[in-house]
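Residue numbers (the working numbering): 2 to 398.
Given below as structure tokens:
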């Protein structure tokens, strides 16, 4: 989808921030949710630009510390939290998070356990956060504890990152005329619900880095190591027990072996995941000869390896939806269709074995497929024309 505008993404983002502060400052608590990554870095600094325009002295910045954070992430967060215009909320309270390496809950800052590092002296370490819930729910509850039910948080989500985000941020209004957010509305007692807004939703990864470099902004140093080994869009900073972080564990072992050793001792199955993941990917890449197609193979894996049948159905439904979406884009080019089916099937199989029930890997491979189909546009158009010509000929006969 292409959006046309008479202004660039930087100018459009500043207008959004001006609107947010003009409409909500003093009425709701406006909070920047910080991860240490490039996108939240841009959001924070754009907010600061507008704050200076409007004479606003400070803004709350919240970092939910998941313990399994790299030392370079923590170094950067310390820098952010000590900026004079930042009101810091560094959360280091006990909560549970899903451990993608083992498939069970991990006790983040668990009482009586040996942590990867000591807590910060001025962090919030005693919030009573409910357990056994996924990160987004935990983050929402932390915001409510600190800022009330009607807070407004600013995040760094961009539609370039996945089809789901594209769909979610371009349809359905959270505010009049605004789709780039979520929440809103009112509770039964008439009080407003919380809002989350994503002012850089339409930025590309190149826009993000151009803004950072052209303004000479500090950023997490982990990216410097990633730049040498990964495509720009694959460089990311996050907690190391997320599903997508499995890809980064071997890399972290090379960059910071001392930290990796502490991570292995603290988080179950991390070292196993590093060695097994590549073997899983290699094993799944080719369809086993005793299965007739990827449909049958993915169904077999889901039915036999997913203990929770809801997860099995999620995998099967996600696989078929992704396959249908991308095969349709391949038109009548059989070569492209075969490639799409293989990539979606292979990735779905890896999702089952790696217990990626959120199917984050499918979102990643769909980004690659968009580029592949774009590169083969001429070939697809030629196949479509040949198909139409053949059909017209048959109808004429």
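No residue lacks a Cβ here, since even glycine has one placed at the ideal position from N, Cα and C.
In this text, all values refer to a predicted model and were calculated from it rather than measured experimentally.
Rounded to the nearest angstrom, how far is the Cβ of residue i from that of residue j, given a contact under 8 angstroms?
i	j	result
residue 199	residue 158	4 angstroms
residue 151	residue 192	6 angstroms
residue 42	residue 218	6 angstroms
residue 194	residue 182	That belief does not hold up - the Cβ atoms of residue 194 and residue 182 are roughly 12 angstroms apart, past 8 angstroms.
residue 475	residue 228	Only positions 2 to 398 of the chain appear in the structure, and residue 475 is not among them; the question remains open.
Is the separation between the beta-carbon of residue i and that of residue j shorter than 8 angstroms?
i	j	result
residue 64	residue 153	no
residue 125	residue 112	no
residue 98	residue 253	no
residue 363	residue 375	no
residue 196	residue 175	yes
residue 33	residue 10	no
residue 306	residue 345	no
residue 27	residue 78	no
residue 328	residue 338	yes
residue 223	residue 238	yes
residue 87	residue 59	yes
residue 295	residue 288	yes
residue 340	residue 291	no
residue 160	residue 208	no
Which residues in the same chain as residue i place their Cβ atom closer than 8 angstroms to its Cβ, once the five residues preceding and following it in sequence are excluded?
i	result
residue 335	384
residue 387	333
Which residues in the same chain have their Cβ closer than 7 angstroms to the Cβ of residue i, if we skip the five residues on either side of it in sequence?
i	result
residue 257	71, 72
residue 18	47, 48, 51, 200
residue 332	381, 384, 385
residue 128	92, 94, 143, 146
residue 148	30, 32
residue 132	96, 97
Report buried or exposed for residue i, applying the criterion of at least 16 other Cβ atoms within 10 angstroms of its Cβ.
i	result
residue 6	exposed
residue 366	buried
residue 39	buried
residue 403	Lying outside 2 to 398, the shown extent of the chain, residue 403 is not represented and no answer is given.
residue 89	buried
residue 370	buried
residue 30	buried
residue 107	buried
residue 323	buried
residue 465	In the structure as shown, the chain begins at 2 and stops at 398. Residue 465 is therefore absent and cannot be evaluated.
residue 319	buried
residue 259	exposed
residue 356	buried
residue 214	exposed
residue 55	exposed
residue 267	buried
residue 44	buried
residue 240	buried
residue 379	exposed
residue 190	exposed
residue 123	exposed
Using only the heavy atoms of the ligand SAM, determine whether one of them is closer than 7 angstroms to the beta carbon of residue i.
i	result
residue 112	The ligand SAM is absent from the structure shown, which contains no ligands of any kind.
Output needed for residue i: all residues of its chain with C-beta closer than 6 angstroms, excluding positions within five of it in sequence on either side, in chain order.
i	result
residue 263	117
residue 23	none
request  = For the stretch 339 to 387, list the alpha helix (DSSP H) runs that are entirely contained and at least 4 residues long, ordered along the chain.
outcome  = Counting whole runs of 4 or more residues, the stretch 339 to 387 contains the alpha helix (DSSP H) stretches 361 to 376.
request  = Would you list, in sequence order, the uninterrupted alpha helix (DSSP H) runs of no fewer than 4 residues that lie entirely inside the stretch 48 to 129?
outcome  = 72 to 82
key: Any alpha helix (DSSP H) of 4 or more consecutive residues that is wholly inside the stretch 197 to 243   = 206 to 215, 223 to 228
inquiry  = Going residue by residue through the stretch 305 to 345, where are the continuous alpha helix (DSSP H) segments of at least 4 residues, counting only ones entirely within it?
reply    = As far as the stretch 305 to 345 is concerned, its whole alpha helix (DSSP H) runs of at least 4 residues are 310 to 330.
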